[in-house]
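In C-alpha coordinates:
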(Lines of atoms letter the chains of each structure in order from A and count residues from 1; the text may use other names and numbers.)
(Lines give C-alpha, C1' and ligand atoms only; values in the text may rest on other atoms or scores of the structure.)
Protein backbone atom coordinates (compact mmCIF):
# COMPACT_ATOMS: atom_id res chain seq x y z
CA UNK A 1 0.00 0.00 0.00
CA UNK A 2 1.26 3.48 -0.84
CA UNK A 3 0.00 6.62 0.80
CA UNK A 4 -0.14 9.92 -1.03
CA UNK A 5 0.31 13.28 0.64
CA UNK A 6 -3.11 14.85 0.67
CA UNK A 7 -4.32 18.07 2.18
CA UNK A 8 -7.95 18.79 2.76
CA UNK A 9 -9.94 21.37 4.62
CA UNK A 10 -12.42 20.62 7.36
CA UNK A 11 -15.33 23.03 7.83
CA UNK A 12 -15.24 24.63 11.29
CA UNK A 13 -18.18 27.04 11.10
CA UNK A 14 -21.64 27.03 12.62
CA UNK A 15 -24.57 25.06 11.28
CA UNK A 16 -25.99 28.25 9.76
CA UNK A 17 -22.67 28.99 8.04
CA UNK A 18 -22.59 25.43 6.70
CA UNK A 19 -26.03 25.85 5.14
CA UNK A 20 -24.89 29.11 3.54
CA UNK A 21 -21.70 27.47 2.21
CA UNK A 22 -23.77 24.64 0.72
CA UNK A 23 -26.02 27.19 -0.99
CA UNK A 24 -22.99 28.93 -2.47
CA UNK A 25 -21.67 25.66 -3.88
CA UNK A 26 -25.11 24.82 -5.29
CA UNK A 27 -25.02 28.17 -7.12
CA UNK A 28 -21.90 26.97 -8.94
CA UNK A 29 -24.24 24.91 -11.10
CA UNK A 30 -24.75 21.22 -11.88
CA UNK A 31 -21.73 19.26 -10.71
CA UNK A 32 -20.43 22.28 -8.81
CA UNK A 33 -19.41 20.15 -5.86
CA UNK A 34 -17.29 17.86 -8.08
CA UNK A 35 -13.60 18.76 -7.88
CA UNK A 36 -12.01 20.34 -10.95
CA UNK A 37 -8.33 21.29 -11.40
CA UNK A 38 -9.22 24.39 -13.44
CA UNK A 39 -8.14 27.90 -12.43
CA UNK A 40 -11.76 29.03 -12.31
CA UNK A 41 -12.78 26.24 -9.92
CA UNK A 42 -9.72 26.82 -7.75
CA UNK A 43 -10.70 30.49 -7.48
CA UNK A 44 -14.19 29.46 -6.32
CA UNK A 45 -12.64 27.20 -3.67
CA UNK A 46 -10.30 29.93 -2.45
CA UNK A 47 -13.25 32.32 -2.13
CA UNK A 48 -15.16 29.72 -0.11
CA UNK A 49 -12.14 29.12 2.15
CA UNK A 50 -11.80 32.87 2.70
CA UNK A 51 -15.48 33.33 3.57
CA UNK A 52 -15.88 30.54 6.14
CA UNK A 53 -13.70 29.03 8.89
CA UNK A 54 -11.83 25.90 7.81
CA UNK A 55 -8.84 24.07 9.22
CA UNK A 56 -6.15 22.36 7.20
CA UNK A 57 -6.41 18.60 7.57
CA UNK A 58 -3.33 16.76 6.34
CA UNK A 59 -2.70 13.03 6.49
CA UNK A 60 -0.09 13.66 9.17
CA UNK A 61 -2.54 15.79 11.18
CA UNK A 62 -4.99 12.93 11.10
CA UNK A 63 -2.36 10.76 12.78
CA UNK A 64 -2.35 13.18 15.73
CA UNK A 65 -5.97 12.28 16.45
CA UNK A 66 -5.27 8.56 16.73
CA UNK A 67 -4.03 7.43 20.13
CA UNK A 68 -1.90 4.36 19.43
CA UNK A 69 1.62 3.59 20.71
CA UNK A 70 2.91 2.39 17.32
CA UNK A 71 1.74 5.58 15.63
CA UNK A 72 3.38 7.68 18.34
CA UNK A 73 6.65 5.78 17.79
CA UNK A 74 6.33 6.34 14.03
CA UNK A 75 5.82 10.10 14.51
CA UNK A 76 8.78 10.29 16.90
CA UNK A 77 11.02 8.49 14.38
CA UNK A 78 9.88 10.70 11.50
CA UNK A 79 10.33 13.95 13.41
CA UNK A 80 13.82 12.80 14.50
CA UNK A 81 14.91 11.78 10.98
CA UNK A 82 17.67 13.93 9.50
CA UNK A 83 16.98 15.78 6.27
CA UNK A 84 19.43 18.26 4.79
CA UNK A 85 21.23 18.89 8.08
CA UNK A 86 18.16 19.34 10.27
CA UNK A 87 15.59 17.00 11.70
CA UNK A 88 12.17 16.80 10.07
CA UNK A 89 10.78 18.23 13.31
CA UNK A 90 13.10 21.25 13.07
CA UNK A 91 12.08 21.86 9.45
CA UNK A 92 8.44 21.48 10.43
CA UNK A 93 8.70 24.02 13.25
CA UNK A 94 10.60 26.48 11.06
CA UNK A 95 8.22 26.31 8.12
CA UNK A 96 5.05 26.21 10.23
CA UNK A 97 5.91 28.86 12.79
CA UNK A 98 8.99 30.69 11.57
CA UNK A 99 8.85 34.25 10.35
CA UNK A 100 9.86 35.10 6.78
CA UNK A 101 13.23 36.52 7.86
CA UNK A 102 14.17 33.36 9.78
CA UNK A 103 13.08 31.10 6.94
CA UNK A 104 14.96 33.19 4.36
CA UNK A 105 18.13 33.21 6.49
CA UNK A 106 18.13 29.45 6.97
CA UNK A 107 17.36 28.74 3.29
CA UNK A 108 20.19 31.10 2.29
CA UNK A 109 22.66 29.51 4.71
CA UNK A 110 21.60 25.91 4.05
CA UNK A 111 20.98 25.94 0.30
CA UNK A 112 22.17 29.30 -1.02
CA UNK A 113 18.58 30.30 -1.84
CA UNK A 114 18.17 34.06 -1.76
CA UNK A 115 14.85 35.85 -1.00
CA UNK A 116 14.44 36.59 -4.72
CA UNK A 117 14.57 32.85 -5.47
CA UNK A 118 18.04 32.85 -7.02
CA UNK A 119 20.46 30.17 -5.90
CA UNK A 120 23.96 31.35 -5.04
CA UNK A 121 26.64 28.71 -4.70
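Residue numbers (our numbering): 26 to 146. Glycine included, C-beta positions come from ideal geometry on N, C-alpha and C.
> Looking at C-beta atoms only, is the number of pairs between the segment 74-83 and the segment 35-47 that lie closer than 8 Å three or more?
Replying inline: Counting C-beta pairs with one atom in each stretch, the segment 74-83 and the segment 35-47 have three or more that are closer than 8 Å, which means they touch.
>> For residue 80, report the span of its alpha helix (DSSP H) as first-last.
In response: It is not in any alpha helix (DSSP H) - residue 80 instead sits in the beta strand (DSSP E) that spans 79-83.
> The alpha helix (DSSP H) spanning residue 66 covers which residue range?
Replying inline: From DSSP, the alpha helix (DSSP H) with residue 66 extends over 64-76.
> Leaving out five residues before and five after residue 37 in sequence, what residues of the same chain have Cβ atoms less than 7 Å from its Cβ?
Replying inline: By the criterion of a C-beta distance shorter than 7 Å, residue 37 is surrounded in its chain by 78, 79, 80, once the five residues flanking it on both sides are discounted.
>> Between residue 73 and residue 49, how many whole angstroms is the CB-CB distance? I'm expecting something under 8 Å.
In response: Correct: roughly 6 Å between the Cβ atoms.
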